[in-house]
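So the structure is just underneath, and the comments pick up after that.
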Amino acid sequence: MYSQDHRPWWLGDGIFVAPGLILTCAHVVRKATDLQVTIFYPAWQQPLSAIVKAKADDGKTLDLALVELAEPLLAHPCVLLDEEAVATGQALYSYGYLESYTNAAPVRPVNEGLTGDTPPLLKLQGAQIEKGISGAALLNLKTGKVCGMMKETRASGFDLGGGAIPTHVILAQFPELRSLQQAFHKGDRRWSALISIVQAEINFQPYLESIATAYEKWWQLYTLTDAEGKQRQAQEPVPMFDLMVQTVKKKEKVKRFSVLDGLREYALGNKPEHVLLVGRPGSGKSTALARLILEEATTPNAKIPVLVELRYWQGSITQLILDAFARHELSLMTEQLETGLSRSLILFDGVNELPSKEARDELIAFRRNHSKLPMIFTTRDLRLGGDLGIEHKLEMQPLTEAQREAFIRAYVPEQAGAMLRQLKDRLREFGQTPLLLWMLCEVLQQTPDNQLPSNLAEIFQVFTTTYEISSVRKHEVASLKGDVKPLSDRRLWKNALKGLASVMMQGETPVDFRVAIHRHEAERELSRIFPNEKFPVRDILDDLLKYHLLQNRSTDQIEFRHQLLQEYYAAEALLGLLPDLDDEQLKRDYLNYLKWTEPTTLMLALIDNEAQVLRVVQQIMEVDLRLGARFAGVVKREFQDRTIQLLIREIDAPKILPYTRRRSELTKEDLVKELEKCLGQSIASINRQSIKSDVITVSLIKDIKKEEARRIDSIYAESYGYEYAYTGREQELAQFDNALKSLKGNDARMRYWAVEKLGSFARYEGFYGSIENQDMELLIEVLKDEDAEIRQRRNAARALGKFVRSRVVEPLESLIEALKDEDAEVRRNVVKALSGCSEAVEPLIKILKDEDANVRRNTVEVLGKIGSDKVVKPLIQTLGKDRDTQVRQYAVEALVKVGGNEVIKPLIQTLEKDRDDQVRQYAAEALGRIGSEIAIPALLKRLEDSVLPVSWEATEALDKLAKKYPEAIAHCLPRLLALIYTSSGKQALKLIPVIQANCKFYNYEIWQKAIKNEKGNPGQIAGQASGGTPITHHYAVNTEVFQLIEHNHGNVIGKQPPEQK
């Protein structure tokens, strides 16, 4: 909604409350010329004209306007207003045109209760409420009706909530809406019909029974079996034990749990929270979810488990969840989803497999909007997809030696002794995860002489060969003995799987890959590979599905049984292409992409030709030396001497060797480890611990013994502890009441004590709700009394502040006057007392020039909490001009709270020019929290700041921005590489893997060549095929990204001399 001159700062939303009538906030249309406004909605062909019909506007909490269209839209639906009181803690929903989401977006606040204003506001928490959403409808998710209208934000850009005008206030000001609402909804039942659907009881029993059946044999879900419908003869689960996890938190004691206990501790505890489960492929993440799903589905009154596999993203979190219900016989309408979620435990599997930044952003928004809903997330690597801002992380732990031995002895009891003797020290390498250990046991049974392969890639090779040849396994079922013959020749299977894996390595963009493929595309690829084969390609595909190398995801989607298998066959495909690829192609189309890292690792271990090994490792080093250090150790042992010599030539060895022992004492393994350390193995992200308040609302304790307050009692007592809630605060309440009585007495000494005591209680909310006007007047007298002791006046100011914050306005004038008090401590306490009081903004702005630095610090802090637009310019001036370092530090924090684009440039200037180290450090941290792209160049420059804390705060800020703006920060890679051999090397080495993980490539210059190659061959980037013939995929490469890349040149990683900057 705009005023007639279309000035964007008067933008707001509106609600159709009756035919032709739109309700909005008065401040949205306050400056409309001649009360004329323009209404715009994307679905309409053109804007509509309207006029402000009525207003109720006191400039404070009463902020209402009715706008009437010049030409009523009689068929347009209207909201259904609800006068019922909104319960504390009730989840709410709004949707509007926010400053950060100009095409509209949802917010999901929670009701904290009513403020003490006249009229009151609904105080909202836990949502990113921004400018622009004023006037939007606020929906009560319990009733399905509109309980209020959005009015204000508490802090733009942060999840600090805001305020809304309750429906009962709206109807009190515009009572005519009651009859208009009744008439409209009597004739138009659309809204009422939706409420009936939303409130209908959902029968979860068929869903739970389906889940229980599907997960009854959870151990079979993520391992390969023999022919379809045939499992191991004994039909027992594979040997199991409690897989372990540990918390991932810096600066905190590490906790260890069994995986299910850990998930329950955080996601299903007394205060359910979101938790991220981190582990490598095959470590048991998905199996753990399967076990948890089964337990929850079969436990009475437990949460409803919903598995959402993010690898099958099709553009909507909502649709993924609806599909998850539908797969198990529960078809929900979108309108019913919130009701279904209210009882659910959501398990999001595969954060690292989300296909795009947009998908991650939607998942982050879903998590933020459902902060009270228990959720578990899994990911392969924190660098791939990030941590979504989740505080609690659990990391899957490798199997212990005892667990590995127990598994082997239970699975292959006859060969266990020989197998353990062969493995010796290599058992740790080969048996890190349950899946790899299981495959290892399978391989042992498949080899005639019970000899194990020498590396992981060869284990895959032997394991998969079983399905490619006609020999019979020890426990192979009848279908492989001849009773039921395969439809196609097994000798075709390997090339078929290589071809499919290769095609699936090509995603929507050059850096992406796919985990599923449409059956028609798979058949087309097999037809290309086998143009003259007598077996129909559908038979080849059916055999691969039948023998569980592939599996059906849906009726038309196919995937590999496990991601490790897909990576292995992609490695085989690349190995076949290697002789036909020149060095530039190899680097540009394969080695530079993160998606090819694991397949390349496996491929190197399969190469038998030393020249080929050295060629690949040399090209990898030209892409990324850190990656080269890793790959030098994965080649076959007989080639490792030569690959390490290559590394030594590429690196300034004298810089590395002092950190180790003398060269003559180094083993190959030692050197590889040190190289990896020096070249910057990825550093775990620092996750700041969220600070939780332990302040209890004491006024609730007064009602704790009333029968009607038992529900509130239980919530607060559970959160804070019964003993603390009742005993400690009841004693303090008694002292508070005594102080009030003494304040009214005639004994001067007792009145002195009373004022001091009341001042000390100012830190507690809720104590001042029952105080009388007489008490307040006595405090005002003390504040104004020039003969009173300074300590008395200070405490009176602190106590009176509670009246102001409780919206009792009588002491406001006295407090503002006391800002002129000659005692700095009195002025300081008065400033604190005015915290949160928007009416005091103008007087407080004047105090920014107070001669006392402590007063100015408090004033800056209070203005930041108030958050009015009026305070932005004064705070910016304070940041740039105040002579006190701490005042400027407080100004940085205040500007972050106020938010808005106008604070970013001043913070950048502070980062670049402030003379104080700590202020620059604060500015760097603040820019990271705000998360603006335009701060990247300044932060990059501060990496080289001579003051280490400033440099590290800039690093942390860039870490956050790399996850938010991967394309914008990619061009920084060459500069960061140049810093490796400088004093800022550690900071650069922390950032490089983060940027690479988010950009999904290693070397910026090589990526630039790929884009230029695309420019020379529009829409085409070379792909791969198993037969050695390059295939082509079409991509829509962003022209702006290309231009950005074209204007930022850098140095190749492996060739950067130490002295160059």
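Numbering of the sequence shown is given in my numbering, commencing with residue 5 and proceeding in unit increments.
A virtual CB, placed ideally from N, CA and C, is assigned to each residue, including glycine.
Treat the numbers as computed from the prediction; the structure is a model and nothing was measured.
In terms of residue numbering, what span does the beta strand (DSSP E) encompassing residue i cover?
i	result
Phe352	Ser348 to Asp353
Thr383	Met379 to Thr383
Leu125	Note, Leu125: premise wrong, no beta strand (DSSP E); not H, not E.
Asn373	Where Asn373 is concerned, there is no enclosing beta strand (DSSP E), although the alpha helix (DSSP H) it sits in stretches over Lys361 to Asn373.
Ala60	Leu52 to Asp61
Asn556	Leu554 to Asn556
Is it buried or exposed for residue i, if we count other Cβ within 10 angstroms and need 16 for buried?
i	result
Val258	exposed
Gln1000	buried
Leu200	A small correction: the amino acid at residue 200 is Ser; Leu does not occupy that position in the sequence shown. Under this definition Ser200 is an exposed residue.
Glu571	buried
Ala574	buried
Asn107	exposed
Arg946	buried
Lys885	exposed
Thr157	buried
Phe44	exposed
Met337	exposed
Lys35	exposed
Thr404	exposed
Ala79	exposed
His566	buried
At which residues does the alpha helix (DSSP H) containing residue i begin and terminate?
i	result
His396	Not the alpha helix (DSSP H): His396 falls in the beta strand (DSSP E), residues His396 to Met400.
Lys190	Glu180 to Gly191
Gln323	Ile321 to Ala330
Arg260	Note, Arg260: premise wrong, no alpha helix (DSSP H); beta strand (DSSP E) at Arg260 to Ser262.
Val249	Looking at the DSSP string, Val249 is not in any alpha helix (DSSP H); the run it does join, the beta strand (DSSP E), is Met248 to Thr251.
Pro417	That residue, Pro417, is in no alpha helix (DSSP H); it is neither H nor E in DSSP.
Glu206	Reading the sequence as shown, one finds Ile at residue 206 and not Glu. That residue, Ile206, is in no alpha helix (DSSP H); it is neither H nor E in DSSP.
Asp921	Asp921 to Ile934
Using DSSP with H/G/I as helix, E/B as strand and the rest coil, what is residue i?
i	result
Cys1123	Lying outside 5 to 1065, the shown extent of the chain, residue 1123 is not represented and no answer is given.
Met154	strand
Ile137	coil
Tyr97	strand
His522	strand
Met508	helix
Leu530	helix
Phe44	coil
Pro878	helix
Glu585	Checking the sequence shown, residue 585 turns out to be Leu, not Glu. Coil, per DSSP.
Asp67	strand
Lys149	strand
Leaving out five residues on either side along the sequence, give the residues of the same chain with a beta carbon under 8 Å from the beta carbon of residue i.
i	result
Glu220	Leu298
Val859	Ala828, Arg831, Arg832, Val835 and Ile851
Gln185	Val21, Ala22, Cys82, Leu84 and Leu85
Glu366	Ser320 and Ile321
Leaving out the 5 sequence neighbours to the left and right, which residues in its chain are closer than 6 Å to residue i when beta-carbon positions are compared?
i	result
Ala992	Leu980, Leu983 and Ile984
Arg347	Ile308
Gly266	Val249 and Leu398
Leu198	Glu339
Pro457	Ile463 and Val466
Pro170	Leu126 and Gly152
Am I right that residue i and residue j are in contact with their C-beta atoms under 8 Å? What's the rounded C-beta distance?
i	j	result
Glu72	Gly24	6 Å
Gly165	Gly130	6 Å
Val923	Arg892	5 Å
His396	Tyr270	5 Å
Leu915	Ala895	Leu915 to Ala895, Cβ: 13 Å. No contact.
Gly868	Lys901	4 Å
Thr383	Leu280	6 Å
Leu911	Val866	At roughly 20 Å, the Cβ-Cβ gap does not stay under 8 Å, so Leu911 and Val866 are not in contact.
Leu314	Gln177	Incorrect: roughly 47 Å between the Cβ atoms, too far for contact.
Verify the contact flag: residue i, CB atom, against every heavy atom of the ligand GTP, threshold strictly below 7 Å.
i	result
Leu582	Ligands displayed in this structure: none; no statement on the ligand GTP is therefore possible.
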